[in-house]
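What follows is a short report on a single structure.
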Amino acid sequence: MDIKDIIKPENLVYKKTDHMTDKVLSYCPGCGHGTAHRILMEVIDEMGVRADTIGVAPVGCSVLAYDFMNIDMQGAAHGRAPAVATGIKRCWPDKFVFTYQGDGDLAAIGTAETIHACNRGENITILFINNGIYGMTGGQMAPTTLEGMRTTTSPYGRDLESMGNPIKITELIANLPGVHYVTRQAVHTPRYVRRTKKAIFKAFDIQKNKKGLSFVEIVSNCNSGWKMTPNQSNIWMEDNMFPYYPLGDIKVDGKIINE
Amino acid sequence: MAKVIGAIVVDEEHCKGCEVCVVACPTQVIGMTDRVNSKGYHIAYMETPESCTGCANCAIVCPDGVITVYKMKKEA
Ligand code: SF4
Ligand code: SF4
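Read top to bottom, the protein sequences are chains A and B. All residue numbers for the first sequence refer to our numbering, where the first residue is 1 and numbers rise by one. All residue numbers for the second sequence refer to our numbering, where the first residue is 1001 and numbers rise by one.
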């Protein structure tokens, strides 16, 4: 059989959603940000809520998210996305409002905004991409950097005594009563991409039903910052990030899951 | 017996050569070209097209969304 016979419009099973723009992503080869963007846009596409969705972009590697997500977007000052999203949602309670933030944005400079938006139980969705490093600025130590992990500002590895512990902000947030759904996922293999997409669907559904805040963490790679090839970084992530940041639901229907 | 056969099309200019699709393919279809695109990246391509089932695993993990997947029934 000739390949040309297969490549016909009627045989199409997958193509990039038009909810992503045609701009070339500014991310490094193999970076999970691109996958996370795309599945988020697929959810909005499949729910048919493009005209009713407003996203808030962070500062960090994904600062240009509004260039790539072909929907209404708003930029926010570093870490302030949940505060900006709060304002948008209160003006437009029937719109879907989400923030897309990295670990430096959400768990360092934006800690106050994150915690208070969650504590108020704003009816928004927060997508949190945790790759344990400041990628855009050149691979410095982040609050989520693992013990012993080398970065440009922890060249001998993160030392807990002088630098503190990697923060499990997602578990912290799960303890706040306003938060309805908290889950931790990944996007480096087909299986996890499918699961994460389901989690984002669920988060948007919670928002639709006005049940409170939903928080989806995606543990991801930063192959450039970690100084590995993309596939090496994904294996390293499984071996090192997942034991400390275990995947799965943390809070469902407003109740913490005790395993 | 009818079986399915798939095919992928890679947007060559926008592939970043990361090889995430290579390990994601359950039937080891994908290889990387020796030639590079204008950005200097090696490009993913179907090395063994006859093994492609059109499962789209490669496409859903491609961070840059440059893979399009087709599939059809094959007469045995
Ligand atoms: S569609 Fe499936 S079988 Fe075909 S190349 Fe992609 S991952 Fe491999
Ligand atoms: S995953 Fe996408 S960008 Fe990476 S090598 Fe494959 S086709 Fe190219």
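Heads up, the beta-carbon is just placed ideally off N, CA and C, and yes, glycines get one too. Small disclaimer: the values here were computed from a predicted structure and weren't measured.
**Asked** Do the CB positions of leucine 146 (chain A) and tyrosine 244 (chain A) come within less than 9 Å of each other?
**Response** The sequence position of residue 146 (chain A) within the first sequence is 146, counting from 1. The sequence position of residue 244 (chain A) within the first sequence is 244, counting from 1. Yes. Within cutoff.
**Request:** Would you kindly work out how many angstroms separate the C-alpha atoms of lysine 16 (chain A) and threonine 1068 (chain B), rounded to a whole number?
**Result:** Translated into positions along the first sequence, residue 16 (chain A) becomes position 16. Translated into positions along the second sequence, residue 1068 (chain B) becomes position 68. Their Cα atoms are separated by approximately 7 Å.
**Request:** Ignoring anything shorter than 4 residues or poking outside the segment 47-128 of chain A, list the alpha helix (DSSP H) runs there in chain order.
**Result:** Here the runs fully enclosed are 65-68, 81-91, 111-120.
**Prompt:** If we cut at 9 Å on Cβ distances, does phenylalanine 71 (chain A) have a partner in chain B?
**Reply:** Taking the first residue of the first sequence as 1, we reach residue 71 (chain A) at position 71. Here residue 71 (chain A) is isoleucine; the residue named in the question, phenylalanine, does not match the sequence. No, because no Cβ of chain B sits closer than 9 Å to the Cβ of isoleucine 71 (chain A).
**Request:** Quick one: which residues of the segment 1050-1061 of chain B get their C-beta closer than 9 Å to a C-beta of chain A? List them in chain order.
**Result:** Answer set for the segment 1050-1061 of chain B: Glu1050, Cys1052, Gly1054, Cys1055, Ala1056, Asn1057, Cys1058, Ala1059, Ile1060, Val1061.
**Prompt:** Got a sec? Which residues, its chain only, sit under 6 Å from alanine 65 (chain A) by beta carbon, not counting five neighbours each side?
**Reply:** To locate residue 65 (chain A), count along the first sequence from 1; it is residue 65. These residues qualify, in order along the chain: Ala57, Tyr100.
**Proximal residues, the segment 1032-1045 of chain B versus chain A, C-beta separation under 8 Å** = Cβ contacts with chain A: Tyr1041.
**Item:** Between the CA atoms of glycine 225 (chain A) and tyrosine 972 (chain B) - distance to the nearest angstrom
**Value:** Beyond the ends of chain B as shown, which are 1001 and 1076, falls residue 972 (chain B); an answer cannot be given.
**Prompt:** Where valine 43 (chain A) and asparagine 240 (chain A) are concerned, what is the direct C-alpha to C-alpha distance, given to the nearest angstrom?
**Reply:** Position 43 of the first sequence, counted from the first residue, corresponds to residue 43 (chain A). Position 240 of the first sequence, counted from the first residue, corresponds to residue 240 (chain A). Going by the C-alpha atoms only, they are around 29 Å apart.
**Asked** Is valine 1061 (chain B) near ligand 2, with its Cβ less than 8 Å from a heavy atom?
**Response** In the second sequence, counting from the first residue as 1, residue 1061 (chain B) sits at position 61. Checking the Cβ of valine 1061 (chain B) against ligand 2 gives yes.
**Prompt:** If you count every other CB in all the chains shown that lies within 10 Å of the CB of glycine 148 (chain A), and 16 or more means buried, which is it?
**Reply:** Reading the first sequence from its first residue, position 148 is the one you call residue 148 (chain A). Here glycine 148 (chain A) is exposed, its C-beta having fewer than 16 other C-beta atoms within 10 Å.
**Prompt:** When the Cα atoms are used, what is the spatial distance from cysteine 91 (chain A) to isoleucine 54 (chain A)?
**Reply:** Residue 91 (chain A) sits at position 91 when you count from the first residue of the first sequence. Residue 54 (chain A) sits at position 54 when you count from the first residue of the first sequence. Whole-angstrom Cα-Cα distance: 12 Å.
**Request:** Return no unless some Cβ of chain A is closer than 9 Å to the Cβ of isoleucine 1030 (chain B).
**Result:** Position 30 of the second sequence, counted from the first residue, corresponds to residue 1030 (chain B). It does not; no Cβ of chain A falls within 9 Å.
**Item:** Which of helix, strand or coil DSSP assigns to aspartate 2 (chain A)
**Value:** Start at 1 with the first residue of the first sequence, and residue 2 (chain A) comes out as number 2. In the structure shown, aspartate 2 (chain A) sits in coil (DSSP, three-state: anything other than H, G, I, E or B).
**Request:** Determine whether the Cβ of isoleucine 7 (chain A) lies closer than 9 Å to any Cβ atom of chain B.
**Result:** For the purposes of this step, residue 7 (chain A) is taken as the residue at position 7 of the first sequence. Yes, its Cβ sits closer than 9 Å to a Cβ of chain B.
**Request:** Assign methionine 1001 (chain B) to one of two classes, buried (16 or more other C-beta atoms within 10 Å of its C-beta) or exposed (fewer than that).
**Result:** Locating residue 1001 (chain B) in the second sequence gives position 1, where the first residue counts as 1. In this prediction, methionine 1001 (chain B) scores a pLDDT of 47, lower than 50, which makes its location untrustworthy; the coordinate-derived value is nonetheless stated afterwards. By the beta-carbon neighbour count (other beta carbons within 10 angstroms, threshold 16), methionine 1001 (chain B) is exposed.
**Message:** My assumption, with CB atoms under 8 Å, is that serine 214 (chain A) sits in contact with alanine 203 (chain A). Please give the rounded CB distance.
**Reply:** The residue you call residue 214 (chain A) lines up with position 214 of the first sequence. The residue you call residue 203 (chain A) lines up with position 203 of the first sequence. 4 Å between Cβ atoms; contact.
**Item:** Reduced DSSP secondary structure (H/G/I, E/B, other) of alanine 159 (chain A)
**Value:** As a working note, residue 159 (chain A) is residue 159 in the first sequence. It is worth fixing the name first, because residue 159 (chain A) is aspartate in this sequence and not alanine. Judged by DSSP in its simplified three-state form, aspartate 159 (chain A) adopts coil rather than helix or strand.
**Asked** Looking at the structure shown, is lysine 1066 (chain B) part of a helix, part of a strand, or coil, going by DSSP?
**Response** Start at 1 with the first residue of the second sequence, and residue 1066 (chain B) comes out as number 66. Note that residue 1066 (chain B) is valine in the sequence shown here, rather than lysine. Taken through DSSP and simplified to helix, strand or coil, valine 1066 (chain B) comes out as coil.
**Message:** Between proline 190 (chain A) and chain B, is any beta-carbon pair separated by less than 9 Å?
**Reply:** The count along the first sequence starts at 1 and reaches residue 190 (chain A) at position 190. For proline 190 (chain A), the closest Cβ of chain B is nearer than 9 Å.
**Item:** Pairwise C-alpha distance: proline 1063 (chain B) and asparagine 234 (chain A)
**Value:** Stepping through the first sequence from its first residue, residue 234 (chain A) is reached at position 234. Stepping through the second sequence from its first residue, residue 1063 (chain B) is reached at position 63. Answer to the nearest angstrom: the Cα atoms are 13 Å apart.
**Message:** Taking the beta strand (DSSP E) that tyrosine 192 (chain A) belongs to, which residues open and close that run?
**Reply:** What you label residue 192 (chain A) is simply residue 192 of the first sequence in a count that begins at 1. Here tyrosine 192 (chain A) belongs to no beta strand (DSSP E); instead the alpha helix (DSSP H) covers 190-208.
**Item:** Contact test: isoleucine 1067 (chain B) Cβ vs ligand 2 heavy atom, cutoff 8 Å
**Value:** Position 67 of the second sequence, counted from the first residue, corresponds to residue 1067 (chain B). True, at least one ligand heavy atom lies under 8 Å from that Cβ.
**Prompt:** Can you list the alpha helix (DSSP H) stretches of 4 or more residues lying completely in the segment 209-245 of chain A, in chain order?
**Reply:** Runs found: 223-226, 230-236.
**Asked** Is any heavy atom of ligand 2 found at a distance shorter than 8 Å from the C-beta of isoleucine 88 (chain A)?
**Response** Here the question's residue 88 (chain A) lines up with position 88 in the first sequence. No, since every heavy atom of ligand 2 falls outside the 8 Å radius drawn around the Cβ of isoleucine 88 (chain A).
**Asked** Counting only beta-carbon atoms, is glutamate 1012 (chain B) nearer than 9 Å to chain A?
**Response** The residue you call residue 1012 (chain B) lines up with position 12 of the second sequence. Residue-level contact by beta carbon fails for glutamate 1012 (chain B) and chain A, as no gap is shorter than 9 Å.
**Request:** Could you name the residues that DSSP lists as bridge partners for alanine 1044 (chain B)?
**Result:** Residue 1044 (chain B) sits at position 44 when you count from the first residue of the second sequence. DSSP output for alanine 1044 (chain B) lists B:Met1032 as bridge partner(s).
**Request:** Look up aspartate 249 (chain A) in the DSSP assignment and give the residues it is bridged to.
**Result:** Mapped onto the first sequence, residue 249 (chain A) falls at position 249. Partner(s): A:Thr183.
**Message:** Helix, strand or coil, according to DSSP, for isoleucine 44 (chain A) in the structure here?
**Reply:** In the first sequence, counting from the first residue as 1, residue 44 (chain A) sits at position 44. Reduced to three states, the DSSP call for isoleucine 44 (chain A) is helix.
**Message:** Cutting at 7 Å between CB atoms, please list the residues of its own chain near leucine 25 (chain A), excluding the five before and the five after it.
**Reply:** Indexing the first sequence from 1 puts residue 25 (chain A) at position 25. Result list for leucine 25 (chain A): Gly34, Phe68, in chain order.
**Item:** First and last residue of the uninterrupted alpha helix (DSSP H) at alanine 1007 (chain B)
**Value:** Translated into positions along the second sequence, residue 1007 (chain B) becomes position 7. Note, alanine 1007 (chain B): premise wrong, no alpha helix (DSSP H); beta strand (DSSP E) at 1003-1010.
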